[in-house]
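Numbering (the numbering used here), first residue to last: 628 to 742.
Even for Gly, the Cβ is constructed at its ideal location relative to N, Cα and C.
Some notes on the structure that comes next.
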């Protein structure tokens, strides 16, 4: 990249002199230029920016929906078990990644086990 910048010669000529493909050298030069550009000045193509914005919005929506479903499942499990003996700390309902998982000991004697 430095040879291209210092020589002022076209990338094709520098690549030929170095015995490498000009496409590879072009990518290296572009990457070096992008790395030198201050972060606030970098601009993505409009289509990419729009897609990125839409994907971030979709992720936020899915995370909210996941949280609501988790809270609802806890609420329903609690409502079903009203009047049952208190559940010990080892028999808890907990979240595992994006699914609600019941430990087997939670199901014994609960209304959920009858489902």
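- In the structure shown, the three-state DSSP call for residue 647 is coil.
- Remark: C-beta atoms of residue 652 and residue 642 approach each other more closely than 8 Å.
- For residue 674, the enclosing alpha helix (DSSP H) covers residues 673-707.
- Here residue 635 carries a coil assignment [DSSP, helix/strand/coil].
- Between residue 678 and residue 644, the alpha-carbon positions lie close to 40 Å from each other.
- Its Cα nearest to that of residue 639, the residue 649 stands out among 667, 672, 665 and 649.
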